[in-house]
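Working notes, beginning with the structure itself.
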Amino acid sequence: MYYIQISKKNFYINGNVKITGSKSESNRFLILKALYPDIIELENISNSDDTFILKKALFSKKKLINIKHSGTAMRFLTAFFSIKENREVILTGSYRMQERPISILVETLKKLGGKIFYEKKNGYPPLRIMGNKLLGGEINIDATISSQYISALMLIASKFENGLKIYLSNKITSISYINMTLKVLKKLSINVLWNKNILYIQNKKFKKQMKIIIESDWSSASYYYSLVALSKKADLNLKFFNKKNIQGDSIISNIYKDFFNVKTFFHKNEINLKKIIDIDLNSIDIDLNSTPDIAQTIVVTCTGLKIQCVLRGLETLKIKETDRLNALKNELSKLGVKSIITNSSIELVNFNEIKKNEIYIYTYDDHRMAMSFSTLGIRYPISILNYNVVSKSYPNFWIDLKSLGFFFKKKKI
Numbered sequence: 001m002y003y004i005q006i007s008k009k010n011f012y013i014n015g016n017v018k019i020t021g022s023k024s025e026s027n028r029f030l031i032l033k034a035l036y037p038d039i040i041e042l043e044n045i046s047n048s049d050d051t052f053i054l055k056k057a058l059f060s061k062k063k064l065i066n067i068k069h070s071g072t073a074m075r076f077l078t079a080f081f082s083i084k085e086n087r088e089v090i091l092t093g094s095y096r097m098q099e100r101p102i103s104i105l106v107e108t109l110k111k112l113g114g115k116i117f118y119e120k121k122n123g124y125p126p127l128r129i130m131g132n133k134l135l136g137g138e139i140n141i142d143a144t145i146s147s148q149y150i151s152a153l154m155l156i157a158s159k160f161e162n163g164l165k166i167y168l169s170n171k172i173t174s175i176s177y178i179n180m181t182l183k184v185l186k187k188l189s190i191n192v193l194w195n196k197n198i199l200y201i202q203n204k205k206f207k208k209q210m211k212i213i214i215e216s217d218w219s220s221a222s223y224y225y226s227l228v229a230l231s232k233k234a235d236l237n238l239k240f241f242n243k244k245n246i247q248g249d250s251i252i253s254n255i256y257k258d259f260f261n262v263k264t265f266f267h268k269n270e271i272n273l274k275k276i277i278d279i280d281l282n283s284i285d286i287d288l289n290s291t292p293d294i295a296q297t298i299v300v301t302c303t304g305l306k307i308q309c310v311l312r313g314l315e316t317l318k319i320k321e322t323d324r325l326n327a328l329k330n331e332l333s334k335l336g337v338k339s340i341i342t343n344s345s346i347e348l349v350n351f352n353e354i355k356k357n358e359i360y361i362y363t364y365d366d367h368r369m370a371m372s373f374s375t376l377g378i379r380y381p382i383s384i385l386n387y388n389v390v391s392k393s394y395p396n397f398w399i400d401l402k403s404l405g406f407f408f409k410k411k412k413i
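According to the UniProt record's numbering, the sequence shown holds residues 1 to 413 in order.
So this is what it looks like as structure tokens:
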């Protein structure tokens, strides 16, 4: 197994970084482009593995489709192939993917007339999907489990002759991603109504072509906010970001301003990040129910700055690429950090001195574990195992870090 050791000779960050289009936006627009191929033209699509896998699957003629580790592709394609008339596919993925439940989405699609069968274990991939015409109607869905189930249904609903009314029960998890899907649909002039716990998407017949430029990825930008917070001084430009956007993770600019003294200056098609002053803060408490994907970044920032923190609203982290809460607890212990986790939160309670000269961070096949922990390299050398996992969302991450003055040593363990 190979790893890289990351280090920097000073505590300063200065430079320019260009991040490609949002993975979350790209994946949503790609589903819609596949549904309306002659209508939608896309620019600045994400170069992530997840987006590549989804795009390849959408245009594949094969019966067996393997989406590997991509949870987004599994959920979106389950819905997509359920309405592809006269098409039968076997949708499968990695061993971990076959451990991630999908019954809520499958059973909901079945209620609408979908023909979907579990190939191995009930409630889990792989799935046999026999596409047919779905008319739509009304459904109820538990909104606490995964916003991607809801987004998957929203993305295909405009193809239903009768549209789709979705009743959301219980507390809505990752609401910002449902909002993103809603705004994506509205960009294409698809009528969507959201009143309290009811979503209604109407049938749509397009009359003219549309060109969509996808915004750069705020989730990927979060690692640079962490770097700036951990630096002594920073002046960093990130290209193709705007103040007005549809990505929930853009809240990172407010969080790092309020808690870590990182100021965001918005210019035309770019943002400038500056470290204002060193912070004097003992603890923070944040609810990330709407934006759980930035939890690892914030945890690592607090670790580097030795700030006690409580992050709540993290119910979905246990069914991500890995059980992210347990993964964080395990790796933080290597850094002398005592943490407490529940099913929906993590708390950093104590920081001890690091005893080992070389710290190896295991990534659990999770791109966000690799990128979030790598930012500690500005403070002390840190080694990341299975470092290529970053390609899932941000293939150029290590190249971009190198451009900012970071050093890498590739070794075999």
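Cβ coordinates follow ideal geometry from the N, Cα and C atoms, glycine included.
Excluding the 5 residues preceding and the 5 following Ile276 in the sequence, name in chain order all residues of the same chain whose CB lies nearer than 7 Å to its CB.
Asn261, Lys263
Within a Cβ cutoff of 6 Å, which residues of the same chain sit near Asn272, ignoring the five residues on either side of it in sequence?
Asn237, Phe265
Quick check on DSSP: helix, strand or coil for Tyr2?
strand
With three or more beta-carbon pairs closer than 8 Å as the criterion, would you say the stretch 154-168 touches the stretch 200-220?
yes
Bridge partner(s) assigned by DSSP for Gly21
Ser216
Helix, strand or coil: how does DSSP classify Asn254 here?
helix
Alpha-carbon to alpha-carbon, Thr173 and Ser147:
6 Å
Among Pro292, Lys257, Ile307, whose alpha-carbon lies nearest the alpha-carbon of Leu281?
Ile307
Do you know offhand how far Ala370's Cα is from Leu376's?
11 Å
Of the residues Ile346, Gly113, Phe397, the one placed nearest His367, counting alpha carbons only
Phe397
Under DSSP, the beta strand (DSSP E) around Asn66 begins and ends at which residues?
64-66
Three-way DSSP call (helix, strand, coil) for Leu236 in this model
strand
Would you call the CB atoms of Ile6 and Ile382 closer than 7 Å?
yes
Pick out the complete beta strand (DSSP E) segments inside the stretch 49-134, 3 residues or longer, and give them in chain order.
64-66, 88-92, 115-118, 127-130
Inter-residue Cα distance where the pair is Thr291 and Ile116
31 Å
Rounded to a whole number of angstroms, what is the C-alpha to C-alpha distance between Asn16 and Leu401?
10 Å
If I follow the unbroken beta strand (DSSP E) through Gly137, where does it start and stop?
137-142
Using the beta-carbon count (16 or more within 10 Å), is His69 buried or exposed?
buried
Find the nearest neighbour of Lys329 within the set Ser339, Asp287, Glu25, Val349, judged by alpha-carbon distance.
Ser339
Taking just the CA atoms, how far does Gly123 sit from Phe406?
45 Å
Please identify the residue among Gln209, Val89, Glu138 whose C-alpha is closest to the C-alpha of Lys33.
Gln209
Applying the 10 Å Cβ sphere with the 16-neighbour rule, what's the burial state of Thr363?
buried
I'd like the span of the alpha helix (DSSP H) that includes Val299, first residue to last.
295-305
So, using beta-carbon positions, are Gly21 and Ile214 closer together than 7 Å?
yes
Just the C-alpha distance for Ile39 and Ile83, rounded to the nearest angstrom, thanks.
19 Å
Should Tyr167 be labelled buried (16 or more other beta-carbon atoms within 10 Å of its own) or exposed?
exposed
Which first and last residues belong to the alpha helix (DSSP H) in which Ile399 is found?
397-403
Contact set for Ile251: own chain, Cβ-Cβ below 6 Å, skip 5 residues either direction
Thr291
Measuring only the C-alpha atoms, how far is Lys239 from Asn269?
6 Å
DSSP puts Leu42 in a beta bridge; with which residues?
Ile212
Any idea what DSSP makes of Arg368, helix, strand or coil?
helix
Does DSSP classify Gly248 as helix, strand or coil?
helix
For Thr144, which residues from the same chain have a beta carbon less than 7 Å from its beta carbon, with the 5 sequence-adjacent residues on both sides left out?
Asn170, Lys171, Thr173, Glu315
Terminal residues of the continuous alpha helix (DSSP H) containing Glu331?
324-334
Where does Glu315 sit, in a helix, a strand or coil, going by DSSP?
helix
Is it the case that the Cβ atoms of Glu41 and Lys211 are separated by a distance below 7 Å?
yes
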